[in-house]
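**Q**
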Amino acid sequence: MRLILLGPPGAGKGTQAKLLAEKFNIQQISTGDILRQAVKNKTKMGLKAKSYMDQGKLVSDNVVIGIIKDRLDNADCSKGFILDGFPRTIQQAESLSQALKQMEIDIDYLIDIEIDFNYLIQRLTGRWTCRECGEGYHKMSNPPKKKGVCDKCDGELYQRDDDKEETIQKRFEVYRKETEPLKDYYQKNGKLNAIKGDGGIQEIFSRITNLIT
Ligand code: ADP
Ligand code: ADP
Ligand code: ZN
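Per our numbering, the very first residue in the sequence shown carries number 1; after that it's consecutive.
1. Using the DSSP secondary-structure output, state which residues sit across from T167 in a beta bridge.
2. At a cut of 8 Å, does the segment 114-122 reach the segment 192-202 through at least three beta carbon pairs?
3. Taking the alpha helix (DSSP H) that E203 belongs to, which residues open and close that run?
4. Entirely within the segment 5-41 and at least 4 residues each: give me those alpha helix (DSSP H) ranges in chain order.
5. Which ranges would you report for the alpha helix (DSSP H) in the segment 57-125 if only whole runs of at least 4 residues count?
6. Anyone know if the C-beta pair for Q102 and I65 falls short of 9 Å?
7. Check this for me: beta carbons of D54 and T209, under 9 Å apart or not?
8. For the alpha helix (DSSP H) containing K183, name the first residue and the last one.
9. Is the beta carbon of G14 within less than 8 Å of some heavy atom of ligand 2?
10. Compute the Euclidean distance between the alpha carbons of I36 and P9, then round it to the nearest angstrom.
11. Quick check: does the Cβ of G148 come within less than 8 Å of any heavy atom belonging to ligand 3?
12. For G136, which three-state DSSP category applies?
13. Closest by CA to V149, which one among S141, R160 and E135?
14. For L110 versus L3, is the C-beta spacing smaller than 9 Å?
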């Protein structure tokens, strides 16, 4: 099973990707999570990416395409994978399709989570993320069992720097300009499946699993 999740910031891509990865025993590949790990570890790539991320801008195509090619080459992706947060530009989509062609594999489903922008501010400003494993929580809709602590790994939960209201607006702007055109791009080769992103986490999970099984 090879999947791509599209959708604006806060649509629930990370949340659904983790559930799908568990259910189908496939790898979740989140460029956002990989970049945040690099920032945390102060690698060269992380130091360079940080200022873009903090401003709500995209990290350069070359960097994220490099990350994805590396990951896809890894043996653990041979059983399948789910891309969450990649591709985000037409150039990324084209590089991905070339890389897949070279590997002689194809994407099974591309799922676009569609949701009204009004919901997203609340989702993003209430989001708590695990510093260790990247698991996502929400202070109202998806709280951890113990405040400030990750259910999965006991890691510390924190609020992402880019989940502040002014940065969120910038990320929406970038989404509309750079990422939304991907819907047309994928529609043309008949791959796009839109699902509604309102409702509870399990409800959306059922919509996706009904679509792909
Ligand atoms: P994305 O990866 O698309 O930016 P996330 O999966 O991180 O989005 O979700 C954003 C926030 O909204 C998180 O705090 C998450 O716990 C919460 N969330 C995700 N899906 C839902 C949902 N269906 N209903 C309510 N809150 C949700
Ligand atoms: P969200 O889940 O809210 O959509 P992500 O965790 O996917 O956010 O991404 C956080 C930040 O990491 C982005 O604002 C951007 O700076 C960078 N980033 C993640 N994925 C990509 C990508 N495919 N291309 C460029 N930048 C990316
Ligand atoms: Zn954790």
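We put the CB at the ideal spot given by N, CA and C, even for glycine.
Being a predicted model, the structure only gives us computed values, none of them experimental.
**A** Inspection of the coordinates gives the following:
1. To locate residue 167, count along the sequence shown from 1; it is residue 167. DSSP, once it has assigned bridges, lists no residue as partnering T167.
2. yes
3. Walking along the sequence shown from the start, residue 203 turns up at place 203. Here the alpha helix (DSSP H) through E203 covers I201 to I212.
4. 13-24 and 31-40
5. 61-73, 90-103 and 117-125
6. Counting from one through the sequence shown, the residue named residue 102 turns up at place 102. Counting from one through the sequence shown, the residue named residue 65 turns up at place 65. It is not a contact, given that the beta carbons lie outside the stated cut-off.
7. On the sequence shown, residue 54 is found 54 positions in, with the first residue counted as 1. On the sequence shown, residue 209 is found 209 positions in, with the first residue counted as 1. Cβ atoms of D54 and T209: not closer than 9 Å.
8. Counting from 1 along the sequence shown, the entry for residue 183 is found at position 183. From DSSP, the alpha helix (DSSP H) with K183 extends over P181 to K188.
9. By 1-based counting over the sequence shown, the position of residue 14 is 14. Answer for G14: yes, Cβ within range of ligand 2.
10. Here residue 36 is taken as the residue at index 36 of the sequence shown, counted from 1. Here residue 9 is taken as the residue at index 9 of the sequence shown, counted from 1. The sequence given here has Arg at residue 36, not Ile. Spanning the two alpha carbons is a distance of roughly 15 Å.
11. Locating residue 148 in the sequence shown gives position 148, counting from the first residue. False, no ligand heavy atom lies under 8 Å from that Cβ.
12. As a working note, residue 136 is residue 136 in the sequence shown. Strand at G136.
13. As a working mapping, residue 149 is identified with position 149 in the sequence shown. The candidate whose alpha carbon is nearest that of V149 is E135.
14. In the sequence shown, residue 110 corresponds to position 110, counting from 1. In the sequence shown, residue 3 corresponds to position 3, counting from 1. It is a contact, given that the beta carbons lie within the stated cut-off.
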